[in-house]
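What follows is a short report on a single structure.
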Amino acid sequence: MGVKNIQANVDSKLVANQVLGTYVAKKDNMIKYLEIANGLVSGFKTFSISQVPRNKNKKADTLSKIASTSFAYLSKQVLVEVLETKSITGKEVTAVIEEEGPTWMVELVNYLKEGTLPADEKKARKIRLPR
Numbered sequence: 001m002g003v004k005n006i007q008a009n010v011d012s013k014l015v016a017n018q019v020l021g022t023y024v025a026k027k028d029n030m031i032k033y034l035e036i037a038n039g040l041v042s043g044f045k046t047f048s049i050s051q052v053p054r055n056k057n058k059k060a061d062t063l064s065k066i067a068s069t070s071f072a073y074l075s076k077q078v079l080v081e082v083l084e085t086k087s088i089t090g091k092e093v094t095a096v097i098e099e100e101g102p103t104w105m106v107e108l109v110n111y112l113k114e115g116t117l118p119a120d121e122k123k124a125r126k127i128r129l130p131r
């Protein structure tokens, strides 16, 4: 686009301060969005962001109201785009723990799959399901 300098005005104090680094993003999805925003911001020569208080945002509110009423004769159409995937991706974390030798689960699995109990009566009693 060729844009080198940008001034962003937002209505969210939280977003403005997170982008500025004054506030810390705590939720995972917000951290990811913030990383994307910071990556985009780094592409500009100068960047500033500020929160516009509600009482000073009357011009934008007025413009939006004029725009919504001035074209009342046009058909109202709402276009909806369904996003199949999130715009941010996360890494799936799984933990796999392998134990050496048989564990207590082996005898239970054998009982559930094959109906076989251990020869030791004490172990067999622990595995048998109450009926």
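Residue 131, in the UniProt record's numbering, is where the sequence shown stops; the numbers in between run on with no holes. From the three backbone atoms N, C-alpha and C, an ideal C-beta is built for every residue, glycine too. The model shown is predicted, which means the values in this text are computed figures rather than measured ones.
- Item | Among Glu-92, Leu-63, Ala-60, the one whose alpha carbon lies nearest that of Asp-28 | Glu-92
- Message: I'd like to know whether the C-beta atoms of Thr-46 and Asn-9 end up nearer to each other than 7 angstroms.
- Response: no
- Length of the line joining the Cα atoms of Gly-115 and Gly-101: 22 angstroms
- Helix, strand or coil: which one does DSSP assign to Thr-22? coil
- Query: Between which two residues does the beta strand (DSSP E) containing residue 163 stretch?
  - Reply: Coverage of the chain is limited to positions 1 through 131, which leaves residue 163 absent and any answer about it impossible.
- How big is the Cα-Cα spacing for Leu-40 and Val-24? 18 angstroms
- Near Val-3, which residues of its chain fall below 8 angstroms by C-beta distance, leaving aside the five closest residues on each side in sequence? Phe-44
- Item | N-terminal and C-terminal residue of the beta strand (DSSP E) that Ile-49 is part of | 46-51
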